[in-house]
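Numbers given in this note's numbering equal positions in the sequence shown, counted from 1, plus 2.
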Amino acid sequence: MRFSIRYQLLVPLLALMLGLVGASTWSAYSSGQRARRQIETQIDDIATTVNEVSFPLTAQTLHLMKGLSGADFLLCDEKRVPIRDDDGKIITTLTESPDALPSPSRSPAQHFDTPVRVGEQSFLCGGMPLQHSPRPGVILYIFYPESLWQEAAWQALRPALMLGIGGGVVAVVLSVLLAQMLSRRIQDLERRTRLIAEGDFSPMPMPPLDDELRDLARSVNDMAQRLAQFQDTIRQTERLRLLGQVSGGLAHQLRNGVAGARLAVQLHARECPSALQAKEKGADDGEELAVALRQLSLVEMHLKRFLDLGKAVELQRRPCLLDELVRDTVQLLGPQCRHAKIDLRLTPPPEQGISLTADPEQLGHVFLNIFTNAIEAAGPHGWVEARWGADAVGAFVEICDSGPGPSPEVAARLFEPFVTGKREGVGLGLAVARQVALAHGGAVTWKREGNCTCFRINLPLAA
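This is the structure:
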């Protein structure tokens, strides 16, 4: 059985409020009874005082007593017949005769439970025999207006009753509003968690009130953020798995094509040795043929590296020079820069012979990826600058370009697999570059400097 939090809050509060109203009602009832007893005591005191005097009671005396007490009086004989004075007038303060008279007793207030009608007005009536009256058998009847008693009782019970009812109503209203507010906030959290379950991981607005529900909302947002990260990780894993499945089928065909092209170039060079000899003499044909052979070798190596993405990088370390690695990469990209009319600038260090213990093929792959990205970002008539050297931390290579840089959507995830800002890009080049740099104990970072974008590769120096 569902029991809403709203009712879990309201039911105890309503029970408490009902108890408060009940206590206030009982207090009001007790106050009314106390006011009645005070009036009865007052009437009994008047009767006792009158009973102790021995002077005769006249109509004038009774009127004076009425002015002091607010009660009416009537003198009767032992047969409850009204007594008349010497002028034949009934000795009373009443304007009309009562319908009935109760039996006399020592306490006139004893019979106040049964009202007596006098004309249109109702009275509380009681009679007491006067023992010291000059005339024997005289009974004094005291009539107290029921309206005065009710007014006195109401005056006594009204504060407690109003306080109880008013406080109860205010408390109930506040309780309902509080329950609705808490219920609404909890429903917002429930809707947000349902959206998270449906795949919407956008954060919810934080409540303005700093309380436990705000802590819960913050936890829900943290959970949504982590779930979004987990989902991205799963998607990347699925993409890598799919890439592995697809690339496994393509690897054989691609390698055969590259191997065939390289074999054809090598056969041509063997049959025409003058082509390679022309390179040694500085001719363009020989240089282009050598570049083609190196490019084919790099394509084969790149293909293998892409297929191994996500696996531990196996390095074949050997001593090498940073200057040679950078210049070899620049030599490969020279024709591309000349074709795109890109100004390729080199800023070598003053010192020569910066030694590394690294895998030159893998580092060449890193430099080639970042140089290629810089050339594509700079565009026609742009510029690309390469600076390298060594500092207190180790060796470094900085590759800057005049391009606009990555978009804000891509910048935060630039080194993740399959993240790219190019229409035809795959998003693996920088991911591979970072993986190789980390395997060497280095790092790849980037930043914007003015109107240019700079990538920096840090590598440890040879021991």
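Every residue, glycine too, gets a C-beta built ideally from N, C-alpha and C. Please read these numbers as outputs of a predicted model, since none were measured by experiment.
Pick from the options that is closest to residue i, judged by C-alpha positions
i	options	result
L461	A360, N453, G405	A360
R450	L430, R160, P406	P406
I92	L76, P106, K81	L76
P110	S149, E42, V412, P100	E42
V13	P100, R194, A266, A181	A181
T51	I144, S149, D217, A441	I144
K479	G128, T374, G443, A397	Outside the shown range of the chain, which is 3 to 465, sits residue 479, and nothing can be said about it.
E400	L440, T455, G431, R415	T455
G443	A397, T422, S404, P410	A397
T235	V421, D87, Y31, A445	V421
R82	M67, V140, R193	V140
D87	L70, Q62, G72, P100	Q62
A230	E214, A199, R216	A199
L327	L298, P362, H341	P362
E214	R38, L184, S99	L184
A380	A441, L463, G262, K343	K343
S404	A292, R220, G384	G384
L15	V178, E54, S149	V178
I356	P382, D345, A394	A394
T116	R194, P410, P147, G90	P147
Local Cβ density within 10 Å of residue i, reported as buried at 16 or more and exposed below that
i	result
P408	buried
H65	exposed
P419	buried
A102	exposed
G201	exposed
R228	exposed
A465	exposed
M67	buried
A49	buried
T447	exposed
V175	exposed
I298	Reading the sequence as shown, one finds Leu at residue 298 and not Ile. So L298 counts as buried.
Q118	A small fix is needed here, since residue 118 is Val in this sequence, not Gln. Buried, since its Cβ has 16 or more Cβ neighbours within 10 Å.
I160	Note on residue identity: the sequence assigns Arg, not Ile, to residue 160. Exposed, since its Cβ has fewer than 16 Cβ neighbours within 10 Å.
P100	buried
T94	buried
L126	buried
G431	buried
G69	exposed
G128	buried
R436	buried
L142	buried
G90	exposed
P106	buried
L269	exposed
C274	exposed
Where the beta strand (DSSP E) through residue i begins and ends
i	result
L400	The sequence shown places Glu at residue 400, not Leu. E400 -> beta strand (DSSP E) spans 397–403.
S357	357–360
L323	320–323
A392	385–392
S124	123–131
T422	Here T422 belongs to no beta strand (DSSP E), and DSSP marks it neither H nor E.
K449	445–451
L66	Premise fails: L66 lies in the alpha helix (DSSP H), 61–71, not in any beta strand (DSSP E).
P406	Careful: P406 lies outside any beta strand (DSSP E) and carries neither H nor E.
C274	Where C274 is concerned, there is no enclosing beta strand (DSSP E), given that its DSSP letter is neither H nor E.
V118	117–120
R458	454–461
T349	345–349
D202	Where D202 is concerned, there is no enclosing beta strand (DSSP E), given that its DSSP letter is neither H nor E.
D74	74–78
Cβ distance (whole Å) where residue i is taken to contact residue j below 8 Å
i	j	result
L96	D74	5 Å
V260	V301	5 Å
M19	G170	5 Å
A433	F417	6 Å
V438	Q318	Contact flag wrong, Cβ pair sits at about 12 Å.
L191	L218	6 Å
S33	A162	6 Å
I377	C339	6 Å
L440	L358	With 8 Å as the limit, L440 and L358 do not qualify as a contact, their Cβ atoms being about 15 Å apart.
R187	P209	6 Å
Heavy atom of the ligand SAM within 7 Å of residue i beta-carbon
i	result
A261	Among the ligands in the structure shown, none appear at all, so the ligand SAM cannot be discussed.
Extent of the continuous alpha helix (DSSP H) run through residue i
i	result
A441	431–441
R137	That residue, R137, is in no alpha helix (DSSP H); it is neither H nor E in DSSP.
Q526	Outside the modelled stretch of the chain, which goes from 3 to 465, sits residue 526, for which no answer is possible.
Exercise for review: Could you tell me whether the stretch 153–173 touches the stretch 127–134, using the rule of 3 or more Cβ pairs below 8 Å?
Suggested key: No, the stretch 153–173 is not in contact with the stretch 127–134.
Check your understanding: Does the count of Cβ pairs from the stretch 326–338 and the stretch 366–378 closer than 8 Å reach three?
Key -> yes
Practice item. Determine, using beta-carbon pairs with one atom in the stretch 19–28 and one in the stretch 115–131, whether at least three such pairs fall under 8 Å. Key: no
Point to revise | At least three beta-carbon pairs within less than 8 Å, the stretch 383–394 to the stretch 336–354 | key: yes
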